[in-house]
Amino acid sequence: MKKILLVALGALVPTLALAQEVMLRLVSAFPENQFYVKRTVEWIEKVNKEGKGVLHINFIGGPKAIPTFEVGKAVQSGVVDLGFTTGAFYTNVMPEADILKLSETSAAEQRKNGGYELINKIWAEKANMRYLAKVVEFTPFHLYLNKKIDKPDLTGLKIRITPVYRDFFQSMGASVMTTAPGEVYTALERGVIDGYGWPIHALFDLNWQEKTKYRVDPGFYNAEVSLVMNLDKYKSLPPKVREYLDRQALAYEQQNDFWKSYNENEKKRQAEAGIQVITFDEATNRAYVDKAKEIGWAVAIKSSPQYGAELKKVLAK
Ligand code: 173
Numbered sequence: 074m075k076k077i078l079l080v081a082l083g084a085l086v087p088t089l090a091l092a093q094e095v096m097l098r099l100v101s102a103f104p105e106n107q108f109y110v111k112r113t114v115e116w117i118e119k120v121n122k123e124g125k126g127v128l129h130i131n132f133i134g135g136p137k138a139i140p141t142f143e144v145g146k147a148v149q150s151g152v153v154d155l156g157f158t159t160g161a162f163y164t165n166v167m168p169e170a171d172i173l174k175l176s177e178t179s180a181a182e183q184r185k186n187g188g189y190e191l192i193n194k195i196w197a198e199k200a201n202m203r204y205l206a207k208v209v210e211f212t213p214f215h216l217y218l219n220k221k222i223d224k225p226d227l228t229g230l231k232i233r234i235t236p237v238y239r240d241f242f243q244s245m246g247a248s249v250m251t252t253a254p255g256e257v258y259t260a261l262e263r264g265v266i267d268g269y270g271w272p273i274h275a276l277f278d279l280n281w282q283e284k285t286k287y288r289v290d291p292g293f294y295n296a297e298v299s300l301v302m303n304l305d306k307y308k309s310l311p312p313k314v315r316e317y318l319d320r321q322a323l324a325y326e327q328q329n330d331f332w333k334s335y336n337e338n339e340k341k342r343q344a345e346a347g348i349q350v351i352t353f354d355e356a357t358n359r360a361y362v363d364k365a366k367e368i369g370w371a372v373a374i375k376s377s378p379q380y381g382a383e384l385k386k387v388l389a390k
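With my numbering applied, the sequence shown covers 74 to 390.
Printed below as a string of structure tokens:
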């Protein structure tokens, strides 16, 4: 009898331990072969290894599981618990999402200047989300082209965009087409587009260097990629699990200096791959960057009369 009881207990103990472990489902809005996603999968492995019995994140996959522009909605509604995405991909949830590209202060500074709290107030109120951590920054966006230009005039050119670039590129006369990253290669191959907006890095992940002739310098804005979580789920976590998740997300964010050297290297790789730099005179370059910023904030404040100006105080320098 005693023996039977012990066997029964032995079978039960691991089950109990497992039952206490919280399981969260994560989807990526970026394609799985993108370096960002691989880096995040490594982070997940670390979280799971160190969090045995506490937290297990289950990586569901990329846009094949949930399309790029639907990931925000899926997190908002709780179809998934966690999203690895960028604000431009969920302006269908709230216009404020795309404003983070205008950050000139770093994520670390925003943790200190009230920015992180403000972002979380807005994300909670308008998107039912917890903004856990920013894990890509210090990364400008650029305009990439297959036709040469000698001034910032995109008249007659068709450019692939997301909300990040829309107003800026349109102000230069571009006709624009929104696509998820996963569709850019084919659009380039078929000649449907003459260029695209994209960060300084991650061209190679998707083989776009094969179909890209020029990069326009300087870059503008600051790419933001983050981990967001369904707010109800976040609130429902036992305190120990929530603290663990917060801690691991913060540790991931604190690695962001990584991008500085990574981006320098990506520039070199682009040059080696034969991508030529188009740039203008100093005054034109300055005007180009200033215009991007000016249009960015004008649109931000117009699209969010409630929070645009408040965000500017903590994001802009
Ligand atoms: O171009 C894009 O798809 C885009 O908006 C973006 C934003 C952040 C990082 C990478 C791409």
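We treat Cβ as the ideally placed atom computed from N, Cα and C, and that holds for glycine. Keep in mind it's a predicted model, so treat the numbers as computed, not measured.
Expected contact under 8 Å - CB spacing of residue i and residue j to nearest Å
{"i": "residue 217", "j": "residue 263", "result": "The pair is not a contact, with the Cβ atoms about 16 Å apart (cut-off 8 Å)."}
{"i": "residue 162", "j": "residue 142", "result": "6 Å"}
{"i": "residue 172", "j": "residue 299", "result": "Not really, about 13 Å apart at Cβ, beyond 8 Å."}
{"i": "residue 335", "j": "residue 213", "result": "Going by Cβ atoms, the distance from residue 335 to residue 213 rounds to 13 Å, so no, they are not a contact pair."}
{"i": "residue 174", "j": "residue 160", "result": "7 Å"}
{"i": "residue 225", "j": "residue 357", "result": "7 Å"}
{"i": "residue 22", "j": "residue 244", "result": "The requested residue 22 is not part of the displayed model; the chain covers only 74 to 390."}
{"i": "residue 128", "j": "residue 317", "result": "6 Å"}
{"i": "residue 282", "j": "residue 234", "result": "Actually they are not in contact, since the Cβ atoms of residue 282 and residue 234 sit about 20 Å apart, beyond 8 Å."}
{"i": "residue 131", "j": "residue 146", "result": "Not quite, the Cβ-Cβ distance comes to about 20 Å (not below 8 Å), so this is no contact."}
{"i": "residue 248", "j": "residue 210", "result": "Actually they do not touch by this definition, with Cβ atoms about 30 Å apart."}
{"i": "residue 266", "j": "residue 275", "result": "So it is not a contact: roughly 17 Å between Cβ atoms."}
{"i": "residue 389", "j": "residue 190", "result": "With a Cβ gap of about 17 Å, residue 389 and residue 190 do not count as contacting."}
Cβ-based burial, residue i [other Cβ within 10 Å; buried from 16]
{"i": "residue 359", "result": "exposed"}
{"i": "residue 305", "result": "exposed"}
{"i": "residue 302", "result": "buried"}
{"i": "residue 284", "result": "buried"}
{"i": "residue 350", "result": "exposed"}
{"i": "residue 74", "result": "Reliability fails at residue 74, whose pLDDT of 48 lies under 50, so the model's placement of it is uncertain and no value is given."}
{"i": "residue 386", "result": "exposed"}
{"i": "residue 202", "result": "buried"}
{"i": "residue 187", "result": "exposed"}
{"i": "residue 154", "result": "buried"}
{"i": "residue 372", "result": "buried"}
{"i": "residue 149", "result": "buried"}
{"i": "residue 392", "result": "The structure shown does not extend to residue 392, since the chain is modelled only from 74 through 390, so no value can be given for it."}
{"i": "residue 251", "result": "exposed"}
{"i": "residue 93", "result": "exposed"}
{"i": "residue 101", "result": "buried"}
{"i": "residue 242", "result": "buried"}
{"i": "residue 309", "result": "exposed"}
{"i": "residue 312", "result": "exposed"}
{"i": "residue 344", "result": "exposed"}
{"i": "residue 346", "result": "exposed"}
{"i": "residue 331", "result": "exposed"}
{"i": "residue 135", "result": "buried"}
{"i": "residue 113", "result": "buried"}
{"i": "residue 328", "result": "exposed"}
{"i": "residue 355", "result": "exposed"}
{"i": "residue 339", "result": "buried"}
{"i": "residue 396", "result": "Limits of the chain in this structure are 74 at one end and 390 at the other, which puts residue 396 out of reach."}
{"i": "residue 297", "result": "buried"}
{"i": "residue 246", "result": "exposed"}
Local conformation of residue i per DSSP, three classes
{"i": "residue 266", "result": "coil"}
{"i": "residue 351", "result": "strand"}
{"i": "residue 206", "result": "strand"}
{"i": "residue 334", "result": "helix"}
{"i": "residue 291", "result": "strand"}
{"i": "residue 216", "result": "strand"}
{"i": "residue 235", "result": "coil"}
{"i": "residue 390", "result": "coil"}
{"i": "residue 155", "result": "strand"}
{"i": "residue 113", "result": "helix"}
{"i": "residue 303", "result": "strand"}
{"i": "residue 166", "result": "coil"}
{"i": "residue 279", "result": "helix"}
{"i": "residue 225", "result": "coil"}
{"i": "residue 259", "result": "helix"}
{"i": "residue 176", "result": "coil"}
{"i": "residue 254", "result": "helix"}
{"i": "residue 310", "result": "coil"}
{"i": "residue 230", "result": "coil"}
Cutoff 9 Å: residue i Cβ touching any chain D Cβ
{"i": "residue 100", "result": "Absent from the structure: chain D. Only one protein chain is present."}
### Meets three-Cβ-pair contact criterion under 8 Å: the stretch 244-263 and the stretch 310-329
no
### Minimum length 3: unbroken beta strand (DSSP E) runs contained in the stretch 127-153
128-134
### Task
Mind the definition here: the stretch 262-278 touches the stretch 189-200 only if three or more C-beta pairs lie below 8 Å; say whether that holds.
no
### Task
Kindly provide the ranges of any alpha helix (DSSP H) runs that are 4 or more residues long and lie completely inside the stretch 340-387, ordered along the chain.
355-376
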